[in-house]
Structures are given as structure tokens and as C-alpha cells.
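30 is the number of the first residue of the sequence shown in this note's numbering; add one for each residue after it.
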Amino acid sequence: MKLQVAMDVATLDEALTLSRQVADYVDIIELGTPLIKHEGIAAVSAIKAAHPEKEVFADMKTADAGELEAGIAFAAGADYVTVMGAADDDTIRGAVKSAQEYGRQIVADMITVKDRAGRARAVTELGVAFCEIHAGLDEQAQEGYSIQTVIDDGKASGVPFSIAGGVNIDSIRDVQAAGATVAVAGGAIRNADDPAAAAKELRGAITS
């Protein structure tokens with residue numbers, strides 16, 4: 030299972046600082062949607078230039094014009110680009126077409142999708158590399174939220190998936206046990222007093 034850091038920060042300076050702190054312990058560096066919106070697609074190129082040995086994940090959350098938007102991110106250096114799982118099938122097909130042209134990968138983000146497992150199976154047939162079973166920050170803030178919900182949905186989908194939505198040292202082993210391809214950690218790393226130590230601890234919790 031790969032470890033992905035979600036850099037949900039607003040500026041490139043913050044992103045470069047965080048990525049340099051944790052790069053030794055993660056496989057995938059994700060530029061969060063707020064960062065891309067604030068800094069533009071050039072942020073993807075900057076992170077790839079700083080960490081050419083790492084996979085770079087552009088969380089575009091594309092909902093339309095899939096081929097065009099994915100192509101913009103791939104041309105900037107992204108290895109993965111997200112398209113919304115709730116998007117039209119043709120949008121997803123367009124994004125997948127772009128990924129095939131660049132030799133990269135599309136990830137379908139299941140945020141806001143009610144039947145995450147069912148939709149994950151459907152979009153996998155359209156050619157996405159894997160599905161991010163994702164509870165967003167607003168969903169996580171709801172009373173009674175448990176990451177077990179997305180873990181269960183990922184396991185039930187029967188297709189390659191990642192988990193995002195509260196991955197931390199207490200849950201990462203359950204994420205791996207469910208069969209996730211990638212564990213996405215955001216706040217558990219970003220908000221730690223020592224992000225490098227937090228990333229190292231998460232890495233150490235993943236069994237080979």
C-alpha cells in the first residue's frame with residue numbers, strides 16, 4: 030500500500046515546505062484543490078520539479094471537460110489527476126483518454142457520491158486507475174462520522190481503491206487490511222507538531 034500526503038494548504042511556499050519535510054516517507058505528493066485554485070497549474074510543475082522521484086497527484090476534482098482539464102494537469106507534470114465520480118460518464122471517458130495519451134492515470138473521487146461502492150465499480154469499467162473512497166472535510170465534521178464507513182465502502186466495491194477521510198495512525202492498519210491501494214493522510218501529517226515524524230510513523234505502520 031502506498032502512502033499519499035494530501036497538501037491541503039493555500040500557497041506554494043507552504044506546499045514546498047511540507048513536501049520537503051515528508052518526501053522521504055511518502056510515495057505520492059498530492060496538491061489539494063485549494064492549492065491548485067490559488068496558485069494555478071504551475072504549482073504542479075513546481076512540486077514535480079522539487080520531487081522528480083515522487084508521484085505527483087493533482088486533485089483537480091474535474092466535473093466537466095475531462096479530456097481538456099486532465100491534459101492540462103498531465104502536461105504540467107501530474108502523474109495522477111482526479112475526476113469527480115459523480116461526473117458524467119463521458120467526462121470520465123475523456124479524462125481517461127488523456128491519461129492514456131500521456132501514459133498517466135485518472136483517479137475517480139467518490140466525494141458526495143451516495144452509493145460509493147456501486148459507482149466505483151461503474152467508473153472502473155470506464156478505465157480509471159482506482160477510486161478514491163473519500164469523505165470530505167465537511168462530511169468528517171458531521172456528528173458520528175467514522176472512517177470505517179469509507180473503509181467498508183472501499184472493501185465492498187471490489188475494485189482498486191484509496192481511502193481519504195481521516196487516515197491517521199489509529200486507522201491506517203485497518204485501511205491496509207481492507208485492501209486499499211493507497212492511504213491518503215492529510216491532517217494527520219499537516220497538523221502534526223512534527224510533520225516529518227508523523228509521516229515516518231505512518232510509513233512504519235504499513236506492512237510490506
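For every residue, glycine included, the Cβ atom is placed at its ideal position computed from N, Cα and C. Remember, it's a predicted structure, so these values are computed and weren't measured experimentally.
- Task: Please confirm if the region 181–188 is in contact with the region 131–147, defined as three or more CB-CB distances below 8 Å between the two stretches.
- Result: Three or more Cβ pairs drawn from the region 181–188 and the region 131–147 lie within less than 8 Å of each other, which places the two stretches in contact.
- Item | Proximity to I198 [Cα-Cα], best of V73, A87 and A226 | Stepping through the sequence shown from its first residue, residue 198 is reached at position 169. Comparing Cα-Cα distances from I198 to each of V73, A87 and A226, the minimum goes to A226.
- Query: DSSP three-state call for A78: helix, strand or coil?
  - Reply: One-based indexing of the sequence shown puts residue 78 at position 49. Helix, per DSSP.
- Item | Bridge partner(s) assigned by DSSP for V213 | Position 184 of the sequence shown, counting from 1, holds the residue named residue 213. V213 is bridged to Q33 and A193.
- Task: Identify whether I135 lies in helix, strand or coil by the three-state DSSP scheme.
- Result: The residue you call residue 135 lines up with position 106 of the sequence shown. Looking at I135 - three-state DSSP - the assignment turns out to be strand.
- Of all the options D56, A234 and T46, which has the alpha carbon lying nearest to the alpha carbon of V34? The count along the sequence shown starts at 1 and reaches residue 34 at position 5. Among D56, A234 and T46, the Cα nearest to that of V34 is on D56.
- CB contact flag (G114, D138, <8 Å): Sequence index remark: in the sequence shown, residue 114 carries index 85 (1-based). Sequence index remark: in the sequence shown, residue 138 carries index 109 (1-based). A contact, by the Cβ cut-off of 8 Å.
- Separation of G195 from K31, as counted between CA atoms: On the sequence shown, position 2 is the one that residue 31 refers to. On the sequence shown, position 166 is the one that residue 195 refers to. A direct Cα-Cα distance of roughly 16 Å separates K31 from G195.
- Tell me where the beta strand (DSSP E) around T91 begins and ends. As a first step, residue 91 must be located in the sequence shown, where it is residue number 62. Boundaries of the beta strand (DSSP E) around T91: E84 to T91.
- Query: Taking Cβ positions, are V110 and L155 nearer each other than 8 Å?
  - Reply: Numbered from its first residue, the sequence shown carries residue 110 at position 81. Numbered from its first residue, the sequence shown carries residue 155 at position 126. In this structure, V110 keeps its C-beta atom at 8 Å or more from the C-beta atom of L155.
- Taking only runs that begin and end inside the region 91–164, name each unbroken beta strand (DSSP E) of 3 or more residues, in chain order. For the beta strand (DSSP E) assignment, the uninterrupted runs of no fewer than 3 residues enclosed by the region 91–164 are, from N- to C-terminal side, 109–113, 134–138 and 159–163.
- Message: Alpha carbons only, please: which of I201, N220 and A234 is nearest the one belonging to V38?
- Response: What you label residue 38 is simply residue 9 of the sequence shown in a count that begins at 1. Closest option to V38, Cα to Cα, is N220.
- At which residues does the beta strand (DSSP E) containing E59 begin and terminate? Position 30 of the sequence shown, counted from the first residue, corresponds to residue 59. Start and end: I57 to L60.
- Three-state secondary structure assigned by DSSP to T40: Here residue 40 corresponds to residue number 11 of the sequence shown, with the count starting at 1. Note: T40 maps to coil in three-state DSSP.
- For Q205, name the three-state secondary structure that DSSP assigns. One-based indexing of the sequence shown puts residue 205 at position 176. In the three-state reduction of the DSSP assignment, Q205 falls in the helix class, which pools H, G and I.
- Message: So, for D108: in the same chain, excluding its five sequence neighbours on each side, which residues have a beta-carbon less than 6 Å away from its beta-carbon?
- Response: To locate residue 108, count along the sequence shown from 1; it is residue 79. The residues are E84, V85 and R133.
- Thinking C-beta only, is I218 closer than 8 Å to V204? For this step, residue 204 is matched to residue 175 along the sequence shown. For this step, residue 218 is matched to residue 189 along the sequence shown. No, these two residues do not count as a Cβ contact at 8 Å.
- Message: Spatial neighbours of I121 within its chain, please: C-beta separation below 7 Å, excluding the five flanking residues on both sides.
- Response: Within the sequence shown, numbered from 1, the residue matching residue 121 stands at position 92. Annotation for I121: G95, V112, A137, V152, L155 and V157 place their beta carbon closer than 7 Å to its own, counting only its chain and skipping 5 residues before and after.
- Which residues bound the alpha helix (DSSP H) around S237? Here residue 237 corresponds to residue number 208 of the sequence shown, with the count starting at 1. Boundaries cannot be given for S237, as no alpha helix (DSSP H) includes it and DSSP labels it neither H nor E.
- Could you tell me the distance, in whole angstroms, from the CA atom of L64 to the CA atom of G165? The residue labelled residue 64 in the question sits at position 35 within the sequence shown. The residue labelled residue 165 in the question sits at position 136 within the sequence shown. Whole-angstrom Cα-Cα distance: 16 Å.
- Sorted by chain position, which residues of the same chain lie with C-beta nearer than 7 Å to L47's C-beta, five sequence neighbours on each side aside? In the sequence shown, residue 47 corresponds to position 18, counting from 1. Counting only Cβ-Cβ distances below 7 Å, and skipping sequence neighbours, we find M36, V38, R219 and P224.
- Three-state secondary structure (DSSP) of D223: As a working mapping, residue 223 is identified with position 194 in the sequence shown. In this structure, D223 counts as coil in the three-state DSSP scheme.
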